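With this note's numbering, letter number 79 in the sequence shown gets 117, and the count goes up by one each step, no holes.
The C-beta atom is built at its ideal place from N, Cα and C for all residues, glycine as well.
Quick caveat, the model's predicted, so the values are computed rather than measured.
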Amino acid sequence: MGWVKSIAFQELKRNALMLAKAANILKLPVVLTSSMEEHAQGPLLSELEQILPAAFASRVKRLGIVNAMDDENFAAAVKATGRKKLIIAGVTNDVCTVYPALTLVRDGFEVQVVADGAGSPSVMADDIALRRMDKGGVTLTATNQLIAELAGSWATPEGGQQVQVLMEALQGQDVYRATD
């Protein structure tokens with residue numbers, strides 16, 4: 039995650055964990071993947087193991103394949119969810135997210151990419167990746183926007199839990215400050 043400079047690390051981490059908690063509350067199928075955990079790319083956020091223990095334990099450990107959809111195990115896990123509407127977030131939009139998102143759209147899936155659930159080495163790289171995905175038919179969203187969309191109503195038990203996730207994560211934080 040040290041490669042990401044277009045968004046502050048703490049904001050990226052907060053957003054990723056909010057997404058994991060939201061998926062857990064709604065019992066959404068989650069497929070996690072990492073690339074070369076023992077090398078420069080490093081492991082997934084350790085907190086994901088606590089929030090999504092089954093998904094973390096069964097994560098697909100790719101051996102350097104850039105487009106996760108080119109990894110047979112990952113592609114099979116995604117298809118095994120039975121979902122045609124997918125939500126994607128990755129460490130970097132310019133590498134981790136752009137290629138599988140475009141592949142999935144090409145293969146007939148409806149894809150939403152959580153733009154602030156990732157970043158890129160530069161603002162320009164992030165902007166280019168997001169524009170490429172948008173032009174390629176990917177729907178772009180933000181963490182708060184997606185959680186509200188998934189909740190549908192704050193008055194439901196799940197909606198109440200979702201709003202709690204938002205409030206806990208955002209309480210006392212200036213989410214609109216410029217990144218470092």
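In the three-state reduction of the DSSP assignment, Arg52 falls in the helix class. Residue Lys117 holds the alpha-carbon nearest to the alpha-carbon of Gly146 among Lys117, Val129, Thr194, Gln202. The segment 101-121 and the segment 63-72 touch, with three or more beta-carbon pairs separated by less than 8 Å. Cβ-Cβ distances below 8 Å link Asn105 to Tyr137, Pro138, Thr141 in the same chain, with the five nearest sequence neighbours on each side left out; the list follows chain order.
A distance of 9 Å or more separates the beta carbons of Gln150 and Ile166. Pairing Met205 with Met171, the inter-Cα distance amounts to about 30 Å. Cβ-Cβ distances below 6 Å link Phe112 to Thr71, Val98, Ala106 in the same chain, with the five nearest sequence neighbours on each side left out; the list follows chain order. Apart from sequence neighbours up to five positions away, the residues of its chain that approach Ala163 with a beta-carbon distance below 6 Å are Asp132, ordered along the chain.
Partner residues in the beta bridge of Thr177, as assigned by DSSP, are Gln150. Here the C-alpha atom of Lys123 lies approximately 16 Å from the C-alpha atom of Ala189. Between the C-alpha atoms of Leu82 and Leu50 there is a straight-line separation of about 13 Å. By the neighbour-count definition (other C-beta atoms within 10 Å, threshold 16), Thr194 is an exposed residue.
Secondary structure at Gly102: coil, using DSSP grouped into helix, strand and coil. By the CB criterion at 9 Å, Ser158 and Lys43 fall inside the cutoff.
Ile45 carries a coil assignment under DSSP once its states are collapsed to helix, strand and coil.
A straight-line Cα-Cα distance of about 11 Å links Gln199 and Ser191. For Leu86, the CB contacts under 7 Å within the same chain, skipping 5 residues up- and downstream, are Ala58, Leu70, Phe94 in chain order.
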